[in-house]
Amino acid sequence: MIRIENVDVFGWESAIRGMRNPMNSWDKSNSQFHICSTSGRTSCTEIGNNDLKLMQSLVKAGTDHSKFMRMINVSCDIVAPRYWWTEYDTYKVGTVRNSCSTMHKIAAKEFETSDFSREHLTTLDFQHYDILDTEEVERIEFQTASTEILRLIIQCLNNYRKLYLATKNKKYWWQMIQILPQSYNQRATVQLNYAVLREMYHARKNHKLDEWIEFCKWIETLPYSELITA
């Protein structure tokens, strides 16, 4: 599960101005930037054909020539499981991440099923294994219910939470920290730019994780996303 909210894309005007510095070609810029809300806080960008063609040409020429992509910023809130955040943290250059703190706030509320990514958990699954031991083959059969395992983990976490809140004994805090599954969803506010989003998109668009597939689909909805996806 991944949820992306409060998206803000900004920096177009300075990116275009900087892009045209090497050839002193500012007079050829034909993009429009204006305020498009009564509050005066929301700006609208219409990239002119001259600027868009130059952008596309520079992106094709490679990262040395498309430095303007680093100046187009994207900020948003992302809610995703901890196993996805582990992979996201591969991208340290060009990103900023400010997360909700598990260390400080793990006991702030009761754990609920909705706090976890669980869309692929099975309710009942029969497993068969052939175990080879010298010349003998033994057939082992057992059944698991992943949803039931998660329910028991949540129950355990909530029991330790109650003990920690009642006693403030850190050993109960440690139980929560070390039992907490990687499927636990964490919220973070992040800032990225079009250059790092391009790197992410082409590396992750066919990834095994659903979260990366959805993340790349979200990238495709950004303004002038062809600069990223082409």
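In terms of the working numbering, the sequence shown opens at residue 71 and continues consecutively.
Beta carbons: idealized from backbone N, C-alpha and C, even for Gly.
Helix, strand or coil at residue i according to DSSP, with G and I counted as helix
i    : result
I105 : strand
S169 : strand
F181 : coil
N255 : strand
T214 : strand
T237 : helix
E281 : helix
R231 : helix
Y294 : coil
Between the CA atoms of residue j and residue i - distance to the nearest angstrom
i    : j    : result
A85  : I142 : 6 Å
I298 : A150 : 22 Å
T192 : V129 : 44 Å
C226 : H272 : 40 Å
T172 : P251 : 12 Å
F186 : M71  : 8 Å
I283 : S169 : 22 Å
A215 : Y153 : 21 Å
V163 : D134 : 16 Å
Heavy atom of the ligand GTP within 8 Å of residue i beta-carbon
i    : result
T214 : In the structure on display, the ligand GTP does not appear, and there are no ligands present to speak of.
Those residues which DSSP pairs with residue i across a bridge
i    : result
D78  : S145
L262 : V144
F186 : Y254
R73  : V149
Outcome for residue i when other beta-carbon atoms lying within 10 angstroms are tallied against a minimum of 16
i    : result
W96  : exposed
R231 : buried
W244 : exposed
R268 : buried
R274 : buried
I219 : exposed
Discussion item. Going residue by residue through the stretch 92 to 161, where are the continuous alpha helix (DSSP H) segments of at least 4 residues, counting only ones entirely within it?
Written reply: 119 to 131 and 152 to 158
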